[in-house]
Structures are given as structure tokens and as C-alpha cells.
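Trainee: Could you have a look at this structure, given as C-alpha cells, before my questions?
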Amino acid sequence: MENMIYLDGVSKEYKKGDVGLQDISLSIERGEFVSLVGQSGAGKTTIIKILLGEKKPSKGAVFFDSIDITKIPSRKLNQFRRKIGVVFQDFRLLPDKTVFENVAFAMEASGKIDEDIKKDVPYVLKLVGLEEKVDRFPRELSSGQKQRVAIARAIVNQPDLIIADEPTGNLDPINADEIIEIFKRINSMGTTVILTTHNKSIVDRLDGRVITMEGGRITRDTTKGGFVL
Amino acid sequence: MFTTTGRILSSGFKGFYRNFTVSVSAILILLISLLSFASIYLSLELIRPSVAQLEQKVDINLYFETDAPEEAILKLKGELEQVDQVSLVEYVTKDQALADFKSRQNSDVILAALDSIGENPLGATFNIKANRISEYAQIATFLEKSELSEEYGAIIEDVNYNQNKGAIEKLNIIISSVEKFGIVISVLLAVLAVVVTYNTIRVTIYTARNEIRVMRLVGASKFFARGPFVVEGVVYGLVAGVLAILILLPTLYYVAPFLQEIFILNLYDVFLGEIFKIGGVLILIGMVLGAISSLLAIRKYLNI
Chain A
1 MENMIYLDGV SKEYKKGDVG LQDISLSIER GEFVSLVGQS GAGKTTIIKI
51 LLGEKKPSKG AVFFDSIDIT KIPSRKLNQF RRKIGVVFQD FRLLPDKTVF
101 ENVAFAMEAS GKIDEDIKKD VPYVLKLVGL EEKVDRFPRE LSSGQKQRVA
151 IARAIVNQPD LIIADEPTGN LDPINADEII EIFKRINSMG TTVILTTHNK
201 SIVDRLDGRV ITMEGGRITR DTTKGGFVL
Chain B
1 MFTTTGRILS SGFKGFYRNF TVSVSAILIL LISLLSFASI YLSLELIRPS
51 VAQLEQKVDI NLYFETDAPE EAILKLKGEL EQVDQVSLVE YVTKDQALAD
101 FKSRQNSDVI LAALDSIGEN PLGATFNIKA NRISEYAQIA TFLEKSELSE
151 EYGAIIEDVN YNQNKGAIEK LNIIISSVEK FGIVISVLLA VLAVVVTYNT
201 IRVTIYTARN EIRVMRLVGA SKFFARGPFV VEGVVYGLVA GVLAILILLP
251 TLYYVAPFLQ EIFILNLYDV FLGEIFKIGG VLILIGMVLG AISSLLAIRK
301 YLNI
């Protein structure tokens, strides 16, 4: 398979001397489903922020489709980010926009035309099972429904990569399972998925590649494995 | 580009009415700022004619001897008019002075007494006005020299500057203090209004900081993420400007007659006469203040 992401000797140190990441080298292939596991403070979120261009590493290079994203200027980052769909633990929906508008926002931001928006948004909302809720505001939805909206927003631009940072952290087990099923479906259509999680049963059930982190280092990287800490 | 602008405008307007409570508080603060700007402007308008009228009442009178030859008087008039600080020299001739005196008198006894003298006992007069009230002292210096000079010493009977000196100087101090105080208060109020408005809008944007972050993370450019907030700021200003006019109109309608008793001006008429200018400027200040505050406040949240 083709290499999509490559981290080359990436370290991140914070101002007070705290170490976020220590010499991480890692490659992820197109179409992979990777679980990133580890305790709080292990460095999972730091890797994700670096992949999104939100933080720059103190050392090392980060390649996405052979482009070093640490070198992308701040004003061009948004164009790069359109290749990635992000899902957060706390959903981060725009509170004053309806379900439809939240999903449409990602398309509007990337300059898609209205016809495409009218066609694609209902389609992805149907894919996540929310076709009945288009006019609702986030405050009128349950946690599981909010996370589905966030997923719809993440996939609507047909990104090459989906990054899901603890997407099941605020969900009950049934909703969590359903969300993971959606990610599996997305991955089966060819989209690369990086999932960070604390949830052992989810990782075990995925039965895919698991990267385990501890203290800013990768301590285990198994192509088919479970949650070991 | 048109699509993007359209989306930003639509998003800004939606944000404005969906965040109604936040919008109302921002508008109220902007409204107070705009009303204070308007009050400063109108107070200055109100004071200006009163000050001008007071200044008009001040002059220096130069009294000539009754036998002063007109030729010499006219020569001095010419010289006085050459003095930079002099704006006007009003020449009241002997005959005019007598006519004025007679017209002011309604006592037959006095008029009869005048007739019995047989000749005009009044001398000619100059009423001299300066460009500015602070310039009377310089004119007085010129007149003092003339009074002592060989040429005019014999024909000038008196200059009343010294009698009015104290009053003129006091008025001069009062007027310049009022002007300075007015400017200081205006500047202070204006700065206060800008700071309070900026802070209010900063708070509204602070509450939306996560939203701005998410916008950036899902691929919005800085322009696209910033746009709706700037539009909201402009709408706050527009609404506050219109409200300010709607509040000022009836308020001035009721207050103006009372103020007119003290000052000369009817503020309501002034406001109505310049409603497009004042209203336009108020709305413009509101919109610019709203837009700039939003632009400044959002800056730090866009840098991700």
C-alpha cells in the first residue's frame, strides 16, 4: 500500500520543559485503520495536533502525501486541512447553526457550490442516520446524535484522512459501538482513519493496527493487536 | 468570491439574530457610546453660539474730544484697521452719537437741557472689535501708545479698555477654560466609549472562541472564519446608530425648549436640520467601531 503519513524523528517540547513527544518515527499507509492508545498525557493528542498543523514539532518532519506540513504557512493551512476530517470527543459543533448548516459549513469553507452542498449534505446525514434532524440545533440533540453530526461534517468533503480524537469518550457503550461501526464503514470505502481512544473493548474488537504510546514515546506498534498497557 | 461574500453575510446575519441576547447587550453598549458622542457634539453646538454672542458683546470704546477734527479721526481709523488683531472699527460720529443719545432718552427735561446748551456736547466714538477675545490686550497696547502720542494725544479723551480690562480678561479665561474642558471631556468620553465597546465585543467573541477554532480546523480560511463576526459587529453598529437617532429625536424635542431659555439655540432644530449628517456620522461611527472591535478581538483566535 502507498505511504500516506510519515513522521520522521518528531519531538515536541513545551515551554516549561514538559515533553510532549520524544523522537517519534511512524508511517501510516493509505486506507489503514490505526488505533492510537495510551493513558492521558501519553502524547496522542499532541500527535493529532501536529498532524492538523495546529502545533509545530520542536524537531523532526511530518509528511502528508510527501508534503512536509510543518513548512506550510499559516494562511495556507486551511487548504491542507480540507484533506482531513476531524472528530473530537466534545463534538465541537457550531452551536448557532442547525445540523444541516454545521455539515454545510465545512463545504462552504472549502468553496463548494450550493448545488453540491444541497446534494451532499442530505446524503452524508442519511449515511450517519440523521436525515430526520436536519433543522435541529446541537442543543436539541443527544450526545450520540451530536457525534454523528460531527462525523458527517468530517466526511462531507470526502477527505483522504479521518482523525477521531477520543470520539467515544462522551458516549454510552451502545452509541460508542454505533460510532465505531460508522468509522469502519468509512474506512472500508478507502478513507484512512486514525482513532485515539482509552476504550479497551473497542480496540480489541477492531482487531487492526494498534500504536501504544507512553510518556511521549511509541512503546508498541502491532499490525493486528489489542489494547496493552 | 460572490458566493463567499454571500455566505459570510448570511452567516453574520444569522449569528446576529440567533445570539439575540449577546447582540442586544453589544448594541446597548454601542448605543451608549454613540449617545455620548452625540451629546458631546450637541453640547459644543449649544455652547458655541453663546460664547460667540458673549464675545460679540465685548469691545473697546475709544472716546474722542468734542473738538477732535474728523480728518485726524479717520486717519486713526485707517491705522487701527491695519492692526492684525482688529476685526472691526465702528465709527460713531458726533452727530450719530447725539442722535443715538436722543433716541434713548424719553425725558423731556434732559432733551430740553440739551437744546439749551446749543451745541453738541458729545464726542465721536470708536467701537473696536478684535478677532479673538484674547487679542484685546494687544489692541489696548496699540491704543495706549496712540493716546500718549503727539499726534493723537490731544484728540483722544479716553479709552475704556482699562475699565473693562478685568472683565475682558476674566471672560477670556472662562471661555478658554470652557473650550479646553470641553475638549478634554470629549476626548475622555470618546476613549471610554471605544474601550467599553471594544471590551464588550471582545467578550462576545471570547464566548465564540471554540467556534472560531473549529471553523479553522474544518478548513475555513481566516477571512471566511472572521467574516461573519465582522458582519455582526457592523450590524450592531448599524442598529445602535438607528436607535441613537430614534432616541435623540423625541428627547431633543422635549428638552430643547428648556435649553433654549438658557442658551440661544434650539437644539431640536439644529438636529433636524442636520439629521442626515449627524445620523449618517453616528451610524458610520457605530459600524466602524463594531467592525474594528471585532477585527481586533478575533485576531488571536484565528492563529491556529
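Protein chains in written order, with my numbering: chain A, 1 to 229; chain B, 1 to 304.
Even for Gly, the Cβ is constructed at its ideal location relative to N, Cα and C.
1. Taking Cβ-Cβ distances below 7 Å as the criterion, which residues of the region 222-233 of chain B are in contact with chain A?
2. Given a limit of 7 Å on CB to CB distance, which residues of the region 75-88 of chain A reach chain B?
3. Report the rounded CA-to-CA distance for residue 120(A) versus residue 107(A), giving the unit in angstroms.
4. Return no unless some Cβ of chain B is closer than 8 Å to the Cβ of residue 153(A).
5. Name the residue from 35(B), 87(B), 151(B) and 197(B) whose alpha carbon lies nearest to the alpha carbon of residue 58(B).
6. Is residue 26(B) closer than 8 Å to residue 200(B) when the C-beta atoms are compared?
7. Please go through the region 152-240 of chain B and give each complete beta strand (DSSP E) segment of 3 or more residues, from N-terminal end onward.
8. Indicate whether residue 180(B) and residue 302(B) have their beta-carbon atoms separated by less than 8 Å.
9. In three-state DSSP terms, what is residue 107(A)?
10. Residue 106(A) touches chain B at which residues, Cβ-Cβ below 7 Å?
11. Quick check: the Cα distance between residue 155(B) and residue 65(B), rounded to an integer number of angstroms?
12. Suppose only complete runs of 4+ residues qualify. What are the alpha helix (DSSP H) ranges in the region 67-106 of chain A, listed by chain order?
13. Contact between the region 209-218 of chain A and the region 34-47 of chain A is defined here as three or more beta-carbon pairs at a separation below 8 Å; is this criterion met?
14. State whether the region 55-63 of chain A contacts the region 92-104 of chain A, with contact taken as three or more CB pairs (one from each stretch) at a distance under 8 Å.
15. Cα separation between residue 196(B) and residue 213(B)?
16. Is residue 24(B) close to chain A, meaning its C-beta is less than 8 Å from at least one C-beta of that chain?
17. Using the DSSP secondary-structure output, state which residues sit across from residue 61(B) in a beta bridge.
18. Going by CA-CA distance only, name the one from 181(A), 30(A) and 129(A) that's closest to residue 168(A).
19. Are the CB atoms of residue 130(A) and residue 149(A) within a distance shorter than 8 Å?
20. Would DSSP call residue 120(B) helix, strand or coil?
21. Please say whether residue 206(A) and residue 33(A) have beta carbons closer to each other than 8 Å?
22. Where do the N-terminal and C-terminal ends of the alpha helix (DSSP H) with residue 141(A) fall, by residue?
23. Reducing DSSP to helix, strand and coil, say where residue 128(A) ends up.
24. Could you check what DSSP says for residue 287(B) in three-state terms: helix, strand or coil?
25. Identify each residue in the region 106-126 of chain A for which the Cβ-Cβ distance to at least one residue of chain B is less than 8 Å, and report them in chain order.
26. Residue 256(B) and residue 282(B): beta carbons closer than 8 Å?
27. Under 8 Å Cβ-Cβ, which residues of chain B neighbour residue 166(A)?
28. Among 226(B), 78(B), 79(B) and 259(B), which residue has its Cα nearest to the Cα of residue 293(B)?
29. Given this structure, state the Cα-to-Cα distance separating residue 113(B) from residue 101(B), to the nearest angstrom.
30. Here's the rule I'm using: 16 or more other beta-carbon atoms within 10 Å means buried, otherwise exposed. How should residue 253(B) be labelled?
31. Compare the C-beta of residue 18(B) against all C-beta atoms of chain A and say whether one is closer than 8 Å.
32. Would residue 241(B) and residue 9(B) be called neighbours here (beta carbons separated by less than 8 Å)?
Mentor: Based on what the coordinates show:
1. The region 222-233 of chain B vs chain A, Cβ under 7 Å: 222 and 224.
2. Those would be 75, 78, 81, 82 and 86, in chain order.
3. Within the first sequence, numbered from 1, the residue matching residue 120(A) stands at position 120. Within the first sequence, numbered from 1, the residue matching residue 107(A) stands at position 107. Straight across, the Cα-Cα distance linking residue 120(A) with residue 107(A) is about 9 Å.
4. Position 153 of the first sequence, counting from 1, holds the residue named residue 153(A). Under the Cβ distance rule, residue 153(A) counts among the residues neighbouring chain B, one pair being separated by less than 8 Å.
5. For the purposes of this step, residue 58(B) is taken as residue 58 along the second sequence, with counting starting at 1. When each option's Cα is compared against that of residue 58(B), the closest is 87(B).
6. Locating residue 200(B) in the second sequence gives position 200, where the first residue counts as 1. Locating residue 26(B) in the second sequence gives position 26, where the first residue counts as 1. Against a cut-off of 8 Å, the Cβ pair of residue 26(B) and residue 200(B) comes out as a contact.
7. Annotation note: the region 152-240 of chain B contains the following uninterrupted beta strand (DSSP E) runs of length 3 or greater, listed N- to C-terminal: 156-159.
8. Within the second sequence, the letter at position 180 stands for residue 180(B). Within the second sequence, the letter at position 302 stands for residue 302(B). Their beta carbons are not under 8 Å apart, which means residue 180(B) does not touch residue 302(B) by this criterion.
9. Within the first sequence, the letter at position 107 stands for residue 107(A). Here residue 107(A) sits in helix by DSSP.
10. Indexing the first sequence from 1 puts residue 106(A) at position 106. Contact of residue 106(A) with chain B by beta-carbon distance below 7 Å involves 218 and 219.
11. Here the question's residue 155(B) lines up with position 155 in the second sequence. Here the question's residue 65(B) lines up with position 65 in the second sequence. Each residue's Cα considered, the two are about 5 Å apart.
12. Complete alpha helix (DSSP H) runs here, min 4: 77-81.
13. Between the region 209-218 of chain A and the region 34-47 of chain A there are three or more C-beta pairs closer than 8 Å, enough to call the two in contact.
14. No, they do not touch.
15. Walking along the second sequence from the start, residue 196(B) turns up at place 196. Walking along the second sequence from the start, residue 213(B) turns up at place 213. Taking the Cα positions, residue 196(B) is about 25 Å away from residue 213(B).
16. Here residue 24(B) refers to the residue found at position 24 when the second sequence is read from its first residue. So, not an interface residue.
17. Taking the second sequence and counting its residues from 1, the one referred to as residue 61(B) is at position 61. DSSP, once it has assigned bridges, lists 127(B) as partnering residue 61(B).
18. By one-based count along the first sequence, residue 168(A) stands at place 168. Here the closest residue by C-alpha is 181(A).
19. Taking the first residue of the first sequence as 1, we reach residue 149(A) at position 149. Taking the first residue of the first sequence as 1, we reach residue 130(A) at position 130. It is a contact, given that the beta carbons lie within the stated cut-off.
20. Stepping through the second sequence from its first residue, residue 120(B) is reached at position 120. Residue state, collapsed to three classes: coil.
21. Taking the first residue of the first sequence as position 1, residue 33(A) is located at position 33. Taking the first residue of the first sequence as position 1, residue 206(A) is located at position 206. Remark: C-beta atoms of residue 33(A) and residue 206(A) approach each other more closely than 8 Å.
22. To locate residue 141(A), count along the first sequence from 1; it is residue 141. Run containing residue 141(A): none; DSSP gives neither H nor E here.
23. The count along the first sequence starts at 1 and reaches residue 128(A) at position 128. Annotated three-state conformation of residue 128(A) is coil, per DSSP.
24. Position 287 of the second sequence, counted from the first residue, corresponds to residue 287(B). For residue 287(B), the three-state secondary structure derived from DSSP is helix.
25. Within the region 106-126 of chain A, contact with chain B at the beta-carbon level (separation under 8 Å) is assigned to 106, 108, 109, 110, 111, 113 and 114.
26. Numbered from its first residue, the second sequence carries residue 256(B) at position 256. Numbered from its first residue, the second sequence carries residue 282(B) at position 282. Not closer than 8 Å, so no.
27. Here the question's residue 166(A) lines up with position 166 in the first sequence. In chain order: nothing, as chain B lies at least about 15 Å away.
28. By one-based count along the second sequence, residue 293(B) stands at place 293. Its Cα nearest to that of residue 293(B), the residue 226(B) stands out among 226(B), 78(B), 79(B) and 259(B).
29. For the purposes of this step, residue 113(B) is taken as residue 113 along the second sequence, with counting starting at 1. For the purposes of this step, residue 101(B) is taken as residue 101 along the second sequence, with counting starting at 1. If you draw a straight line from the Cα of residue 113(B) to the Cα of residue 101(B), it comes to about 13 Å.
30. What you label residue 253(B) is simply residue 253 of the second sequence in a count that begins at 1. Exposed, since its Cβ has fewer than 16 Cβ neighbours within 10 Å.
31. Here residue 18(B) corresponds to residue number 18 of the second sequence, with the count starting at 1. Yes, contact with chain A.
32. For the purposes of this step, residue 241(B) is identified with residue 241 of the second sequence, where counting begins at 1. For the purposes of this step, residue 9(B) is identified with residue 9 of the second sequence, where counting begins at 1. Taking 8 Å as the Cβ cut-off, residue 241(B) and residue 9(B) do not qualify as a contacting pair.
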